[in-house]
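Each remark here refers to the structure printed beneath this line.
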């Protein structure tokens, strides 16, 4: 009885193993894993992918009127500041494109860098400000941070940079002795 169970178990294991190998080989070869897999199924998948690629390329119009950022300055150096300083800077820009500029998001590279941006569309020829605050508390030393803007421009991301050399606060032990 135990031999029969053991033998049945081994046959079942062999069947599962061979079916897994068969499915894996079909995946490696790009074949459909259904019982009725054929070259037609594979061809229809490729045709669908080609159509999707064509649709994507058709959607991009090189003559489309697009918005465009033009910043007066894309990098700002706060110089040397004392730890604990809340350093602020306004990055000014103009929409030099031919369509309204919409900034969908702005994010700092860490929690110490907080941007504020216009939520309304910026018309062609109009200006806007990206206000950035850098909290230097707990960040002594050389600091380099970024603000990433997501907008309806090509490319859709713009990176602004800030730098500062943060002088550390004197240690409390030194303050008590001095």
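In the numbering used here, the protein residues as written are 44 to 221.
Where is the CB? At the ideal position from N, CA and C, for every residue including glycine.
- Residues 152, 202, 204 of the same chain have their beta carbon placed closer than 6 angstroms to that of residue 189, with the five preceding and five following residues left out of the count.
- By the neighbour-count criterion, in which a residue is buried when 16 or more other Cβ atoms sit within 10 angstroms of its Cβ, residue 207 is buried.
- Residue state for residue 178 is assigned as strand, using DSSP reduced to three classes.
- Counting only the Cα atoms, residue 147 lies some 42 angstroms from residue 214.
- Relative to the Cα of residue 191, the nearest Cα in the group 107, 129, 117 belongs to 117.
- Residue 144 has 165 as its beta-bridge partners, per DSSP.
- A check of alpha carbon separations from residue 106 across 149, 199, 140 identifies 140 as the nearest.
- Ranked by how close their Cα comes to the Cα of residue 159, the residues 144, 170, 132 have 132 in first place.
- Annotated as proximal: residue 179 and residue 209, with beta-carbon spacing under 8 angstroms.
- An exposed status is given to residue 123, since fewer than 16 other beta-carbon atoms sit within 10 Å of its beta-carbon.
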